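Trainee:
2 protein chains.
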Amino acid sequence: MIGSPPICFNARTAIRPEPSPASGVERKTDMLRERQLSARIAPTPPVQIGRPVAADLIAVLAAVTSGDPRVLTIQDQRALPSGPFELAHRSMQSGLRAWVERQTRLPLGYVEQLYTFADKDRGGGEQRVISISYLGLTREQPASGEFEASWRSWYAYFPWEDHRVGPPPVIEDVLLPRLRAWAEDSFSARIAHDRWQRAASTFGFDRAWNEELVLQRYELLYEAGLIPEAERDDAGDAPRDPAAIDAVSGMGRAMILDHRRILATGIARLRAKIKYHPVVFELMPETFTLLQLQRCVEALAGRLVHKQNFRRLIEQQELVEETGETSQDTGGRPAKLFRFRREVLAERAIFGTKLPISRA
Amino acid sequence: MIGSPPICFNARTAIRPEPSPASGVERKTDMLRERQLSARIAPTPPVQIGRPVAADLIAVLAAVTSGDPRVLTIQDQRALPSGPFELAHRSMQSGLRAWVERQTRLPLGYVEQLYTFADKDRGGGEQRVISISYLGLTREQPASGEFEASWRSWYAYFPWEDHRVGPPPVIEDVLLPRLRAWAEDSFSARIAHDRWQRAASTFGFDRAWNEELVLQRYELLYEAGLIPEAERDDAGDAPRDPAAIDAVSGMGRAMILDHRRILATGIARLRAKIKYHPVVFELMPETFTLLQLQRCVEALAGRLVHKQNFRRLIEQQELVEETGETSQDTGGRPAKLFRFRREVLAERAIFGTKLPISRA
DNA sequence: CCGTGTAATGCTCGTTTGGAGTATAAGTGA
DNA sequence: TCACTTATACTCCAAACGAGCATTACACGG
């Protein structure tokens, strides 16, 4: 990547628009700037442009339905939706948004770039593919319907990530012993120690569980050869029968290419984000009870939250306001209905919304 | 929890999690995976490959020399180094690393992807360019020498970001009045209010200064038309005379295209990162005193730190170990020399290195 | 040799957060 | 009516944090 050109640094002049990596939410500003920029004249282009590559977008679209965090999948739930990068749009972000909304009729409340990958030969031959992945949040009842897409709980792909009812048995029953075996199967005691160290710290064998290490855990399992995708790659030839791959007990459902890794990246990002940015509301219906909100957060974080503290936090931050109505769904004292105070998005530049996650 | 944009809370430690798609530090895992993936056979390229585009990499290379945070620039300090994306390397990250090390002879201790941009019309006609930006940290005495590259304090580009000796006068003397004028120059009182609200919160007129909002501040100034680059874009034709652009007092040195924006992204990312990940050490020499370390952090954060608390934090986290030697450079009691305990990188999967930033 | 300047260090304090627990109120359904 | 479920109001406590005071150690200049 990056070429060898001795001293060259391109003197390109065209200006690059693009939505803010920070705000995620596309602002008027961005649009504005983009329009202006595209009207500009590029003064001095003469730069050797890199050789052509192909680019496409991959989306991790998340929603939470009845306490279950879901992700939109295609191809028999083995792939994330993706599409070619088109020039038609002002920015990739708006392009992604338009594309998703057209395909699924779901409004995307929030879009954020995740990561850009470059694989050698994917599409064959000389051409290289660049994949730019995005995380998008949408409301409930996805009603995707249309084509071959379907929503699926992301814990189907990462069974070890759901700690809402305590640590999943699969960790101790399957992962722990296999990771230990992997660690011990090393050339040196040093490597064995390091391996075990990593396993213990990412899975919390020796400390508290950290729900944000989704990607690290996946990568560790991959490296340890416990992930079907890894075996497939190792083989160097066609993947084994999908059914067989899925059959690898306890390791979760496999996906094509590195889609599962991208999904892990998205989950990790989202779990981190909800702690300091009020994005959860993008996943909630217009009005909701505090318990519903809490359940949503718990679904994402994969762990429980202390109810009283959760409420204290939400209230003291004035994130929501009462609608005046109440809901008496789940038998029990009726709960007040709330609505997200969108004003806070403007009020505070960036702030931390915190999540009280139980230690127990 | 939750949320979307702002929720306030005290400027205490606000530890911001991070969109770290991975650890940033390239691990064996990554290499491994990439090799495997490239050997893999794509089962069903579910995706039509997009039309060819050009791609290049842009680097924000940072170092801290004698209390000054520097960035590597080219073209008379008006551009960030960049180069075409080539297929020669296993990954973009390793490509970037190799390229930089070859060009500058600087070892990159840490590399992290920042953001990927896509422009319409840049290289002319049909072809579109994708720019993938990276943040790289390197040791002191950059000794770039070689070609037209030079290190430059990043506060030359963002004069309002250095609060180490208190808020820079430029904020109250220049920015505040101009932003107020911009806010008032709106169609509606509502817009005026929103504009002022944003200005006040990002620049801390009505609350504490938040050093992480580098990008938001830059974008705000851009939107307000106070940034030379914006005028240039607005003009719709060739940029004005560079000297004239730089002359815009108080607004910092301009750069080509949106390089300054990318730099802002890098600074913001770094300021956030040092609070929960021990990356500062990548900028330090092999051995150092705690005061030097503190100065480095202060240079990056653009604000002072409480010395005693800083030490307490560093020690209790066992990030460093004594070398046994002392340094008696700056007249005063000789300071013990320390060395970073690299083991911690392996010990803890991710942990928080916290920084005690003074409120005063 | 003493006084002064500059840092390094050690310790204390009071406040703020954040995790947890207890108690009580207010509905539904059997 | 009771049994059950959830909403809500408070209280406690300990760790984390921001700040300040006091003391120790050197270099240097008279």
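Same order as they appear, the protein sequences are chains Y and S. Per UniProt numbering, numbering of the first sequence is gapless, rising by one per residue and ending at 360. Per UniProt numbering, numbering of the second sequence is gapless, rising by one per residue and ending at 360. Quick reminder that beta carbons are idealized off the backbone N, C-alpha and C, glycines included. No experiment lies behind these values; they were computed from the predicted model shown.
#1: My guess is that Q75/Y and I256/Y are in contact by the Cβ rule of under 8 Å, so how many angstroms apart are they, rounded?
#2: What does E347/S reach in chain Y if we use C-beta pairs closer than 8 Å?
#3: Alpha carbon to alpha carbon, what distance is there between R253/S and residue 382/S?
#4: Any beta-carbon of chain S closer than 7 Å to the one on M92/Y?
#5: Per DSSP, what kind of secondary structure is P159/Y in: helix, strand or coil?
#6: How long is the line joining the alpha carbons of A224/S and R178/S, rounded to whole angstroms?
#7: Locate the beta strand (DSSP E) running through F340/Y, then write down its first and last residues.
#8: What does the alpha-carbon distance come out to for the pair P168/S and A200/S?
#9: Should the segment 212-219 of chain Y be regarded as contacting the segment 257-275 of chain Y, the criterion being three or more beta carbon pairs within less than 8 Å?
#10: Would you give the residue range spanned by the beta strand (DSSP E) that T73/Y belongs to?
#11: Measure the alpha-carbon distance for R190/Y versus R78/Y and round it to whole angstroms.
#12: For A346/Y, which residues from the same chain have a beta carbon less than 8 Å from its beta carbon, with the 5 sequence-adjacent residues on both sides left out?
#13: In chain order, what residues of the same chain have a beta carbon less than 6 Å from the beta carbon of G67/Y, not counting five sequence neighbours either side?
#14: List the whole-angstrom C-beta distance separating A59/S from L96/S, where the pair is believed to meet the contact cut-off of C-beta under 8 Å.
#15: Work out the CA separation of T326/Y and V320/Y for me, nearest whole Å.
#16: May I have the straight-line CA-CA distance separating G324/Y from Q308/Y, to the nearest angstrom?
#17: Give the DSSP bridge partners of V170/Y, in chain order.
#18: Please indicate yes or no: does the CB of L304/Y lie closer than 6 Å to some heavy atom of the ligand COA?
#19: Starting from the C-beta of L291/Y, find all residues in its chain whose C-beta is less than 7 Å away, skip the five residues before and the five after it, and write them out in chain order.
#20: For G266/S, does the three-state DSSP call read helix, strand or coil?
#21: Residues in the segment 287-306 of chain S with C-beta within 7 Å of chain Y's C-beta atoms, listed in sequence order?
#22: Could you work out which residue in L293/S, R341/S, H259/S and V344/S is closest to V64/S when comparing CA atoms only?
#23: Cα separation between I262/Y and Y110/S?
#24: For I132/Y, decide whether its Cβ has a neighbour in chain S, counting only Cβ atoms nearer than 7 Å.
#25: Verify the CB distance criterion: does D194/Y have a CB-CB separation below 7 Å to chain S?
#26: Does the distance from the CB of G266/Y to the CB of L57/Y come in under 7 Å?
#27: Using only CA atoms, which one of R333/Y, V297/Y, R303/Y and F338/Y lies nearest to E315/Y?
#28: Buried or exposed for G332/S, please, with buried defined as at least 16 other CB atoms from any protein chain shown within 10 angstroms of its CB.
#29: Determine whether the Cβ of A156/S lies closer than 7 Å to any Cβ atom of chain Y.
Mentor: In short, the structure shows the following:
#1: The Cβ separation is near 7 Å, so the contact holds.
#2: Those are Q197 and S201, listed as they occur along chain Y.
#3: The structure shown does not extend to residue 382/S, since chain S is modelled only from 1 through 360, so no value can be given for it.
#4: Closer than 7 Å to the CB of M92/Y there is at least one CB belonging to chain S.
#5: P159/Y falls in the helix class under three-state DSSP.
#6: CA-CA distance, A224/S to R178/S, rounds to 8 Å.
#7: Counting along the chain, F340/Y sits inside the beta strand (DSSP E) bounded by residues A335 to F340.
#8: A direct Cα-Cα distance of roughly 16 Å separates P168/S from A200/S.
#9: Yes: at least three Cβ pairs fall under 8 Å.
#10: It spans D68 to T73 - the beta strand (DSSP E) in which T73/Y sits, taken as one unbroken run.
#11: Annotation: R190/Y to R78/Y spans about 37 Å, alpha carbon to alpha carbon.
#12: Taken in chain order, the list of residues that qualify is empty.
#13: Listed in chain order, the non-local C-beta contacts of G67/Y below 6 Å within the same chain comprise R295 and A299, local neighbours out to five positions each way being set aside.
#14: About 6 Å separates the Cβ atoms of A59/S and L96/S, confirming a contact at the 8 Å cut-off.
#15: Going by C-alpha positions, V320/Y is about 14 Å away from T326/Y.
#16: Separation of G324/Y and Q308/Y (C-alpha to C-alpha, rounded to the nearest whole angstrom) is 21 Å.
#17: Looking at the DSSP assignment, V170/Y forms no beta bridge with any residue, so it has no partner.
#18: As far as ligands go, the structure on display features none, and thus does not contain the ligand COA.
#19: Hits under 7 Å: A335.
#20: Looking at G266/S - three-state DSSP - the assignment turns out to be helix.
#21: Residues of the segment 287-306 of chain S that bring their beta carbon within less than 7 Å of a beta carbon in chain Y are absent altogether.
#22: Nearest option by C-alpha distance: L293/S.
#23: Rounded to whole angstroms, the separation of the alpha carbons of Y110/S and I262/Y is 22 Å.
#24: For I132/Y, the nearest CB of chain S lies under 7 Å from its own CB, placing it at the interface with that chain.
#25: Chain S, which has a Cβ nearer than 7 Å to the Cβ of D194/Y, makes this yes.
#26: No; because the gap between Cβ atoms is not below 7 Å, this pair is not in contact.
#27: Measuring from the Cα of E315/Y, the nearest candidate turns out to be F338/Y.
#28: Burial call: exposed.
#29: So, not an interface residue.
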